[in-house]
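*Asks:*
4 protein chains.
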Amino acid sequence: MANKAAPDAPPGSAGGTPTRRYSERSRQAIFEAALALVGEVGYEKLTIEGIAARAGVGKQTIYRWWPSKAAVLLDAFGSAADAYEHEGLPDTGDLAADLKAVLRATVDEFNDAAWQAPYRALVAAGTNDEELSRSFVGRLMEPGIRLYVERLRAAREAGELDPDVDLRIGAEMLLSPFSQRWLMRTGELTHAFVDTLVDQVLRGLRRRD
Amino acid sequence: MANKAAPDAPPGSAGGTPTRRYSERSRQAIFEAALALVGEVGYEKLTIEGIAARAGVGKQTIYRWWPSKAAVLLDAFGSAADAYEHEGLPDTGDLAADLKAVLRATVDEFNDAAWQAPYRALVAAGTNDEELSRSFVGRLMEPGIRLYVERLRAAREAGELDPDVDLRIGAEMLLSPFSQRWLMRTGELTHAFVDTLVDQVLRGLRRRD
Amino acid sequence: MANKAAPDAPPGSAGGTPTRRYSERSRQAIFEAALALVGEVGYEKLTIEGIAARAGVGKQTIYRWWPSKAAVLLDAFGSAADAYEHEGLPDTGDLAADLKAVLRATVDEFNDAAWQAPYRALVAAGTNDEELSRSFVGRLMEPGIRLYVERLRAAREAGELDPDVDLRIGAEMLLSPFSQRWLMRTGELTHAFVDTLVDQVLRGLRRRD
Amino acid sequence: MANKAAPDAPPGSAGGTPTRRYSERSRQAIFEAALALVGEVGYEKLTIEGIAARAGVGKQTIYRWWPSKAAVLLDAFGSAADAYEHEGLPDTGDLAADLKAVLRATVDEFNDAAWQAPYRALVAAGTNDEELSRSFVGRLMEPGIRLYVERLRAAREAGELDPDVDLRIGAEMLLSPFSQRWLMRTGELTHAFVDTLVDQVLRGLRRRD
DNA sequence: AATTAAACGAGACGGTACGTCTTGTCTTGGG
DNA sequence: CCCAAGACAAGACGTACCGTCTCGTTTAATT
């Protein structure tokens, strides 16, 4: 799975095997070219020939390491995203406020045009390609969802939430309406929307007295 | 908008203009071919050439009326879906039971392989094509969402739900986690899942006494 | 033959049946459109659709009466050429001078760009279409050759030429090098060329004393 | 010019540059397919798609190296014709007999149906395409004409012909009536015809005593 | 250092599908 | 009831990319 999307381990990855040699320079050039092109022409008109040309790289160098343009993009995107992500959600003790703060920031991020193209592209590609979507979800989405689950768990342990609540579904009640609106354009992504959403979801999760 | 996807109105459509002439026979043949092919080979390998050949139709007859294979499929899908849809959700007085019943049926429908291909295809295409996604949402999704909003409204008027609840967001809390799991394969679609989902959502919407 | 190129006789052509409605107006409009277009876009890009549009005529009206764009052009060209042609070559008593005068004029005519396009077009089309080339030769070329044959016959009867000379081949010795140079661009068409040609040909035809 | 029709020199052609690589196999297959097809279906219905399919070659491989089907055919024909051609006309001392012998053989050749199709095709295509006709004439016709000019020159130097004769025009007087009859079907191509033609032409070129 | 084997850039190859264009036939509706 | 307008089935056009396959040429890691 990860194998398909992120092929044959980067140099760092030890292993007894005599270490496949490859050009880190080409790798970077390909990522840059792919991200630049997907922003310029969109995913549909993104071609491997185009990426190769832009990166100053032979087509075979791409085909050698990635099975599809989607896989290239996923790696490119992933390597750009690996940086942040690892901190966990804030916990000031006020769950609603914390969720609203994070989701408001995410609204702004998702409304950024430059950010949208490759992300949408990957979702679209994954929709029809199960293997790709599993890589995408596992690599880029699941970690995000888990942050929310953890924050909810903390709140539950603090006695704020009903002990019977299903945390995973709770997180999805928060995140799915959000990403659905963005993905399918079923509604606007605004701060007001996330505020209402958080309130309405938390009403259902909170402990009754 | 609808104009692009569902071109130039069928003959019936009144209008002072002298009514664009076209062959209803070809139209039907194209829809059947498109739906059959998308099921057989998937969306990526669905080609306009293939549809034309299967339908026994010149390529130009497709290009004349639709801008893309996605638009053909949207129309095909829409014309197939126009049939049912118009009944409204059941209202037995037991909101939770009604929602669970409908969503369980929908789970089964969404787990049907034959059904998935064209639907996924359209979502994927729409992800990168705003105009298409607006047609898709307006024609196929919005009506569905509205059925849920209406059922919730009935419940609110019956005093079951809190008068302050945002019905639209309530409906999204029910439907988005569902379609998100299906679309991105972030989780399984089971009857148990929808049961828990309905319960947890309704806890947040119900009137407190 | 003539049937194919000049179909179904114009209205004038007697016949008990008065029926056959046929629009002389359309016929003229088609000829004008065809000649204008072949001059503007050349023969290869001349299309029947284009002629119909320019003439303000339905395509079917052209297909009904002519089998190909070449046939249309042949008729158009023929009907334009029928006018002149019928006078016979000058006969001042000086054969060489007469031939040079006529051929020099023809040089000028053949070097006229506007004139070339449809004529070349017909020759080219005829090259691969025997029936068409027979119509073309019979209607447009043979009459011209015969004028030369007649002029040579007059000279032979006047005792200028050897009585054994083959007049037809004599005319071809004059005309073919000329048209060959024009058609295949094997050499320049100049007044000097025709002068030398006439002299060299006549040396062979003249009576020896 | 030749460059356009015969692209990028065969591998042998020295040059410091690393020699454009291309498949001699494909080249030959294309020539064979083109010549076979033009004989079977004629030039108008000869298509590049058809050639590619018959040759087992991608369309692009043809488009990469030749600009049109006419250019393919010219190369194909040229490469087939390059073989013979290089011997010079016979010189038995009897000019008339030599010319008659060669022209009678050529009559037979030109009356051969298999031979006609591609040759006619090229002439027709060249008629409307100046560049092509220059290639065609330069590569296939001019060498032939020059053989006749040289034979006439030998005769002139042997004192058989008038020293003032224009050899080029003399050759055209022989060859053009011949090719004109063939090309435009203005008359039959028979041995009798060429005999008379040779006699009548030579009468005009021979030295007078 | 010299050797050697892979990965590299370049790009030709056999193909598929694109979207456009023309052809000749068929259909519709106004005059 | 003719005929312009134009939709239709068919299929060639030339283009863009696909994914595979040589070509020489780096480029390291092992000798």
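Residue numbers (full-length UniProt numbering), protein chains in the order written: chain Y, 1 to 209; chain G, 1 to 209; chain C, 1 to 209; chain Z, 1 to 209. Beta carbons are placed, not taken as given, at the ideal position from N, Cα and C, and that holds for glycine.
How many Å lie between L147(G) and W182(Y) at the Cα?
*Replies:* One C-alpha to the other measures close to 21 Å.
*Asks:* Could you name the residues that DSSP lists as bridge partners for R206(Y)?
*Replies:* L161(Y)
*Asks:* Check whether the Cβ atoms of R185(G) and S133(Y) sit closer than 8 Å, and answer yes or no.
*Replies:* yes
*Asks:* Is the CB of R146(G) under 8 Å away from at least one CB in chain Y?
*Replies:* no
*Asks:* Grab me the residues of A70(Z)'s own chain with a C-beta within less than 7 Å of its C-beta, minus the 5 sequence neighbours each way, in chain order.
*Replies:* L122, A125, D129, L132
*Asks:* Going by alpha carbons, who is nearest to D209(Z) out of G170(Z), F31(Z), H191(Z), G159(Z)?
*Replies:* G159(Z)
*Asks:* Please list, in chain order, the chain Z residues whose beta carbon lies closer than 9 Å to that of A121(C).
*Replies:* T127, N128
*Asks:* Going along the chain, which residues of the region 101-119 of chain C sit with their C-beta nearer than 8 Å to a C-beta in chain Z?
*Replies:* none
*Asks:* Of all the CB atoms in chain C, is at least one closer than 8 Å to the CB of A55(Z)?
*Replies:* no
*Asks:* How close, in whole Å, do the beta carbons of A117(Y) and G39(Y) come, if the pair is a contact with beta carbons under 8 Å?
*Replies:* Yes, they are in contact, since the Cβ atoms of A117(Y) and G39(Y) sit about 5 Å apart, within 8 Å.
*Asks:* Can you name, in chain order, every residue of its own chain whose Cβ lies under 6 Å from the Cβ of R21(C), other than the five neighbours on each side?
*Replies:* Confidence at R21(C) is low in this model, with a pLDDT of 48, below 50, so its placement is unreliable and no value can be given for it.
*Asks:* Is there at least one Cβ from chain G nearer than 8 Å to I169(Y)'s Cβ?
*Replies:* yes
*Asks:* So for S26(Y), helix, strand or coil by DSSP?
*Replies:* helix
*Asks:* Mind checking which residues open and close the alpha helix (DSSP H) that includes T127(Z)?
*Replies:* 113-127
*Asks:* Under 8 Å between C-beta atoms, does D166(Y) make it to chain G?
*Replies:* yes
*Asks:* Quick check: the Cα distance between P143(G) and V198(G), rounded to an integer number of angstroms?
*Replies:* 20 Å
*Asks:* Could you tell me how far apart the beta carbons of F178(Z) and L89(Z) are, in whole angstroms, since I believe they sit closer than 8 Å?
*Replies:* So it is not a contact: roughly 15 Å between Cβ atoms.
*Asks:* Given that a residue counts as buried once 16 or more other Cβ atoms are within 10 Å of its Cβ, and exposed if not, what is V41(Y)?
*Replies:* Exposed, by the Cβ-count rule.
*Asks:* Would you identify the three-state DSSP class for G93(Z), choosing helix, strand or coil?
*Replies:* coil
*Asks:* Grouping DSSP H, G and I as helix and E and B as strand, with all else coil, what is V201(G)?
*Replies:* helix
*Asks:* Can you say whether G170(Z) is buried or exposed, counting buried as having 16 or more other CB atoms within 10 angstroms of its CB?
*Replies:* The residue is buried, with at least 16 neighbouring Cβ atoms inside 10 Å.
*Asks:* If you measure between the beta carbons of W66(Y) and V57(Y), is that distance less than 8 Å?
*Replies:* no
*Asks:* Let me see if you follow: with CB-CB separation under 8 Å, is S133(Y) close to chain G or not?
*Replies:* yes
*Asks:* Does DSSP put S68(G) in a helix, in a strand, or in coil?
*Replies:* coil
*Asks:* Could you check what DSSP says for E188(C) in three-state terms: helix, strand or coil?
*Replies:* Residue state, collapsed to three classes: coil.
*Asks:* How would you write the range of the alpha helix (DSSP H) that G50(Y) sits in, first residue to last?
*Replies:* 48-55
*Asks:* Which residue comes first and which comes last in the alpha helix (DSSP H) that contains R134(G)?
*Replies:* 130-136
*Asks:* Mind checking if T190(C) is an interface residue toward chain Z, Cβ cutoff 8 Å exclusive?
*Replies:* no
*Asks:* Measuring CA to CA, which of E157(Z), Q180(Z), R153(Z), R203(Z) is closest to E167(Z)?
*Replies:* It is Leu, not Glu, that sits at residue 167(Z) in the sequence shown. Nearest Cα to L167(Z) within the set E157(Z), Q180(Z), R153(Z), R203(Z): R153(Z).
*Asks:* Distance check for Q180(Y) and L205(G), CA to CA, integer angstroms please.
*Replies:* 20 Å
*Asks:* Rounded to a whole number of angstroms, what is the C-alpha to C-alpha distance between L37(Y) and E44(Y)?
*Replies:* 11 Å
*Asks:* Please state if the CB of H191(Z) and the CB of V137(Z) are separated by a distance shorter than 8 Å.
*Replies:* no
*Asks:* Compare the C-beta of P143(G) with all C-beta atoms of chain Y and state if any pair is closer than 8 Å.
*Replies:* no
*Asks:* Could you name the residues of the same chain whose beta carbon sits closer than 6 Å to that of A34(C), not counting the 5 residues immediately before and after it, in chain order?
*Replies:* I51, V72, L73, A76
*Asks:* So the candidates are I30(C), V201(C), D195(C); which of them puts its Cα closest to the Cα of L174(Z)?
*Replies:* V201(C)
*Asks:* Checking 8 Å against the spacing of the C-beta atoms, do D195(G) and K100(G) come in under that value?
*Replies:* yes
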